[in-house]
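A.B. asks: Chains as they are written, first to last, in my numbering: chain Z, 1 to 336; chain W, 337 to 672.
Glycine included, every Cβ here is placed at the ideal spot set by N, Cα and C.
Number of protein chains: 2
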Amino acid sequence: MSPTLVDIARETHTSVSTVSRVLSGGAMANRISKETRQRVQEAAQRLGYRPNLLARSLRTRRTYTVALIVSDIANPFFAQLGSLIERSLARHGYSLMLCNSAEDVEKEADYLRLVAAKGIDGLIVVPLARTRKQILQAVPEKMPLVVLDRPIEGIPSVASDQDQMSHILSDALDQAGVKKIALLCGPQHIITHRRRCEVLASRFEVLARHEGPAQKATGREAFDQKFAPVIDKVQAVVCTNNFLAQGVVDLMSDIDNPPVVGVFDEITMFDLLRIPIVCSMQDIPALAEGCVTQILKLLERTSEPVQPILLDARVVTNRAFQRLLAKSNNAASVAK
Amino acid sequence: MSPTLVDIARETHTSVSTVSRVLSGGAMANRISKETRQRVQEAAQRLGYRPNLLARSLRTRRTYTVALIVSDIANPFFAQLGSLIERSLARHGYSLMLCNSAEDVEKEADYLRLVAAKGIDGLIVVPLARTRKQILQAVPEKMPLVVLDRPIEGIPSVASDQDQMSHILSDALDQAGVKKIALLCGPQHIITHRRRCEVLASRFEVLARHEGPAQKATGREAFDQKFAPVIDKVQAVVCTNNFLAQGVVDLMSDIDNPPVVGVFDEITMFDLLRIPIVCSMQDIPALAEGCVTQILKLLERTSEPVQPILLDARVVTNRAFQRLLAKSNNAASVAK
DNA sequence: TCCCCCTATGCATTCGATTTCACTACCGAT
DNA sequence: ATCGGTAGTGAAATCGAATGCATAGGGGGA
Chain Z
1 MSPTLVDIAR ETHTSVSTVS RVLSGGAMAN RISKETRQRV QEAAQRLGYR
51 PNLLARSLRT RRTYTVALIV SDIANPFFAQ LGSLIERSLA RHGYSLMLCN
101 SAEDVEKEAD YLRLVAAKGI DGLIVVPLAR TRKQILQAVP EKMPLVVLDR
151 PIEGIPSVAS DQDQMSHILS DALDQAGVKK IALLCGPQHI ITHRRRCEVL
201 ASRFEVLARH EGPAQKATGR EAFDQKFAPV IDKVQAVVCT NNFLAQGVVD
251 LMSDIDNPPV VGVFDEITMF DLLRIPIVCS MQDIPALAEG CVTQILKLLE
301 RTSEPVQPIL LDARVVTNRA FQRLLAKSNN AASVAK
Chain W
337 MSPTLVDIAR ETHTSVSTVS RVLSGGAMAN RISKETRQRV QEAAQRLGYR
387 PNLLARSLRT RRTYTVALIV SDIANPFFAQ LGSLIERSLA RHGYSLMLCN
437 SAEDVEKEAD YLRLVAAKGI DGLIVVPLAR TRKQILQAVP EKMPLVVLDR
487 PIEGIPSVAS DQDQMSHILS DALDQAGVKK IALLCGPQHI ITHRRRCEVL
537 ASRFEVLARH EGPAQKATGR EAFDQKFAPV IDKVQAVVCT NNFLAQGVVD
587 LMSDIDNPPV VGVFDEITMF DLLRIPIVCS MQDIPALAEG CVTQILKLLE
637 RTSEPVQPIL LDARVVTNRA FQRLLAKSNN AASVAK
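1. If contacts are defined as beta-carbon pairs under 8 Å, then W/S351 and W/A345 qualify, I think. What distance do you get, rounded to the angstrom?
2. To the nearest whole angstrom, what separates the beta carbons of W/L383 and W/D408, a pair I think is in contact under 8 Å?
3. With H, G and I counted as helix, E and B as strand and the rest as coil, what does DSSP make of W/M605?
4. What three-state label does DSSP hand Z/G290 in the structure shown?
5. Under a Cβ-count criterion, where at least 16 other Cβ atoms within 10 Å of its own Cβ denotes burial, should W/V451 be classed as buried or exposed?
6. Going by DSSP, what residue range makes up the alpha helix (DSSP H) through Z/V105?
7. Just list the alpha helix (DSSP H) runs in the segment 482-553 of chain W, keeping only unbroken ones of 4 residues or longer that don't cross its boundaries, in chain order.
8. When you check each C-beta in the segment 230-250 of chain Z against every C-beta of chain W, which residues fall closer than 9 Å?
9. Quick check: what's the CA-CA separation for W/D440 versus W/L464?
10. Who are the near neighbours of Z/E266 in its chain, counting only those whose CB is closer than 7 Å to its CB and skipping five residues on each side?
11. Kindly confirm or deny that the segment 483-497 of chain W and the segment 506-525 of chain W touch, where touching means at least three C-beta pairs closer than 8 Å.
12. Can you give me the C-alpha to C-alpha distance between W/R531 and W/S506, rounded to a whole angstrom?
13. If distances are taken between C-alpha atoms only, which option among Z/T192, Z/K226 and Z/D163 comes closest to Z/R203?
14. Quick check: what's the CA-CA separation for Z/L5 versus Z/A117?
15. Around the Cβ of Z/E218, are there at least 16 other Cβ atoms within 10 angstroms (buried) or fewer (exposed)?
16. Comparing the C-beta of W/M605 with each C-beta of chain Z, is any distance below 8 Å?
17. Expressed to the nearest angstrom, what Euclidean distance is found between the alpha-carbon atoms of W/L536 and W/V462?
18. Who are the Cβ neighbours of Z/I295 in its own chain at under 7 Å, not counting the five residues just before and after it?
19. Starting from W/I471 and walking both ways along the beta strand (DSSP E), at which residues does that stretch end?
20. Is DSSP giving Z/M28 helix, strand or coil here?
21. Which complete alpha helix (DSSP H) runs does the segment 34-90 of chain Z hold, if anything under 4 residues is left out?
22. Which value, in whole angstroms, describes the spacing of the CA atoms of Z/E106 and W/A415?
23. Nearest-angstrom Cα distance between W/K672 and W/K663?
24. Determine the extent of the alpha helix (DSSP H) in which W/L464 is found, giving its start and end residues.
25. Cβ atoms of W/A508 and W/T544: under 8 Å apart, would you say?
26. I want to check one thing, is the minimum distance from the CB of W/S496 to the heavy atoms of the ligand GDP below 7 Å?
27. Run through chain Z and tell me which residues come within less than 8 Å of W/N388, C-beta to C-beta.
28. Could you pull the start and end residues of the alpha helix (DSSP H) that W/G598 belongs to?
29. Alpha carbon to alpha carbon, how far is Z/I135 from Z/C185? Give it in angstroms, no decimals.
30. Note down, in chain order, each residue of its chain lying with its Cβ closer than 6 Å to the Cβ of W/V475, except the 5 sequence neighbours on either side.
31. Check each residue of the segment 201-228 of chain Z: if its Cβ is closer than 9 Å to any Cβ of chain W, include it; give the result in chain order.
32. Kindly say whether W/S431, judged by its beta-carbon, lies nearer than 8 Å to any beta-carbon of chain Z.
33. Can you give me the C-alpha to C-alpha distance between Z/P187 and Z/E211, rounded to a whole angstrom?
34. With a threshold of 8 Å between beta carbons, is Z/L183 in contact with chain W?
35. With DSSP as the reference, label Z/G247 as helix, strand or coil.
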């Protein structure tokens with residue numbers, strides 16, 4: 001077994017309290033005489049002492065661990081977010097427990113209960129549950145809690161401004177002369193997807209519309225069932241997330257004069273595709289940093305109310321899109 | 337505060353032991369009379385009792401948690417692996433703590449110590465450290481431990497057979513008539529990268545070679561500095577991982593008659609690119625399942641020695657590559 | 001009737017750390 | 001000489017649950 005305070009106390013002819021004060025009690029360590037302190041440290045070193053964090057946390061009621069529950073860790077968007085949050089938390093002395101709810105409400109609830117029972121200090125969630133109440137059912141009332149990406153009434157949150165995202169994307173499409181679109185939406189019970197759809201529908205004429213889980217398969221399905229017939233009547237296909245877009249892009253690559261694809265978040269390697277693509281990209285590092293500052297505020301209990309953080313996105317286009325834009329600008333200036 | 341056994345005992349006029357036996361002691365629960373049991377359960381329900389897992393684990397020395405330390409969670413390969421391992425472990429009653437060493441040996445060591453101190457039951461690592469000794473320095477001798485993706489002498493492991501991967505990739509390139517290649521290698525101290533390079537070098541004539549961290553930037557760098565001059569003399573560029581390949585592919589998309597790209601692991605959306613690509617793809621679900629069976633064997637302590645698991649990969653090609661192959665086959669049959 | 005065993009339960013200890021309280025010296029000030 | 005203060009240390013309680021041991025009561029066999 002790994003040595004404990006008792007072993008070191010015996011070894012150094014001191015008491016457990018003294019050893020504890022030397023090895024962990026930051027300020028308390030000063031109240032111990034220099035010699036004793038050194039004897040204890042030397043013994044700890046020699047025996048290879050490692051504090052048992054379970055015992056410590058049980059006593060102190062702090063684990064210095066924050067849990068992050070994401071809806072899909074295989075999505076690069078969340079993977080990146082997770083990796084950045086981890087890095088940032090580490091700098092502040094916290095470690096991260098990363099959990100995957102896999103878009104399953106049951107699993108989310110299980111994880112909420114589990115991490116609470118494990119005594120984690122704080123919680124960052126990309127929520128599937130839709131109300132404050134549903135979440136607080138599984139987690140103690142006063143648990144420091146931040147929701148990420150999908151704001152919920154009454155809980156401190158960090159997210160991109162969905163309206164801004166949608167409008168800058170629409171603006172870019174406008175510039176490319178888009179009037180009519182096909183709209184591919186993720187599940188409407190997820191706030192981000194719903195809001196994106198609403199704005200897009202308000203700014204363009206929607207000739208075809210399909211809805212389904214935010215996966216590649218849904219994209220293919222949409223194309224086959226609804227988009228193919230109107231594909232030469234629309235100037236753009238807009239998708240409310242990257243996975244959906246990948247599905248349609250797959251099937252559109254053979255079309256001669258393909259419409260623009262508008263999408264939220266990044267499509268990997270999109271710059272190499274011949275289809276014109278415009279992305280409304282969230283600021284992932286800012287989201288990560290935002291979460292961490294929020295949760296730290298709650299953890300330090302400075303009790304001033306924590307304001308929701310809303311971040312702006314920016315538009316990124318691929319080369320094919322830029323060529324298209326140049327062409328239509330030329331046409332316009334020639335017409336003049 | 338959340339209620340404890342004491343609260344329930346007081347409430348039901350029983351003792352802590354009784355309550356404990358009812359609420360957790362699986363087999364022990366039978367030795368409690370039916371009425372008492374129901375009274376206790378009802379009270380636990382009513383008070384919203386949740387066991388304190390810190391306390392429980394301290395006593396029982398089990399956390400039913402396995403840690404997975406990956407070298408880069410932002411890499412889709414590891415993200416997928418993580419997500420599958422989590423799912424599989426959950427089915428066996430274990431939960432996963434997912435950690436990111438970010439290719440930083442210091443951080444890996446920190447995490448090894450941390451998870452050991454937190455009392456996790458078992459550990460799956462994609463190791464940066466290169467020897468058994470280095471790892472056992474941070475982790476107790478008898479900690480159940482499995483290394484993933486990068487085998488280490490003397491530790492139970494799960495990995496793809498690097499030689500097989502390299503050879504089937506080479507075979508596919510052979511078929512496409514490749515003789516001379518440019519070789520882009522990840523860090524040679526990582527066993528997988530080194531072995532892949534060795535095999536490739538033994539099977540083809542290497543006209544240019546570049547080495548660097550397994551990131552997109554290294555790919556660009558390689559192209560600019562070493563590959564561009566010989567790009568029309570080689571029939572293939574081979575990269576030892578997907579990130580590297582993305583970098584070169586980025587820059588090669590403008591070339592008129594691009595060489596084939598050979599790569600280990602998948603390139604996202606590769607089917608849409610006009611560059612012929614052939615991937616040697618690892619069986620990710622099998623890797624995940626392998627890890628879990630290994631670690632479970634160790635956790636159940638059935639003490640029979642655990643044999644390393646070596647998995648086969650398979651070759652996947654994109655449309656551009658298939659067209660190329662068809663063309664060269666035609667040429668061959670015409671020649672006949 | 002006595003003894004034994006079994007069922008149902010409680011008491012007390014344990015896990016490994018933190019922390020409160022108390023105690024001993026020793027010092028300087030009154 | 002007495003008092004107060006402080007530096008250095010230890011004993012014991014505590015966190016919440018699990019568990020070995022003890023015990024009380026009831027039933028059955030000799």
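C.D. replies: By the coordinates alone:
1. 6 Å
2. No, W/L383 and W/D408 are not in contact; Cβ-Cβ is about 45 Å, not under 8 Å.
3. In the three-state reduction of the DSSP assignment, W/M605 falls in the coil class.
4. Helix, per DSSP.
5. buried
6. V105 to A117
7. 498-511 and 527-539
8. Q246, V249 and D250
9. 8 Å
10. N242, C279 and M281
11. Too few Cβ pairs lie closer than 8 Å, so no.
12. Cα to Cα, the separation comes out at about 13 Å.
13. Nearest C-alpha to Z/R203: Z/D163.
14. 26 Å
15. Looking at the sequence shown, residue 218 of chain Z is not Glu but Thr. Z/T218 comes out buried.
16. yes
17. 24 Å
18. V66, G122, I124, P144 and V146
19. Unbroken run through W/I471 is the alpha helix (DSSP H), R468 to L472; no beta strand (DSSP E).
20. If DSSP states are grouped into helix, strand and coil, Z/M28 belongs with the helices.
21. 34-47 and 53-60
22. Going by the C-alpha atoms only, they are around 22 Å apart.
23. Because the pLDDT at W/K672 is just 48, under 50, the model does not fix this residue reliably, and the point stays unresolved.
24. Counting along the chain, W/L464 falls outside any alpha helix (DSSP H), and DSSP gives it neither H nor E.
25. The identity of residue 544 of chain W in the sequence shown is Ala, whereas the question assumes Thr. No, the Cβ-Cβ distance between W/A544 and W/A508 is not below 8 Å.
26. The ligand GDP is not part of this structure, which contains no ligands at all.
27. L58, A117 and G119
28. No alpha helix (DSSP H) contains W/G598, which is instead part of the beta strand (DSSP E) from V596 to F600.
29. 26 Å
30. L448 and A452
31. Result list empty, no residue passes.
32. yes
33. 7 Å
34. no
35. helix
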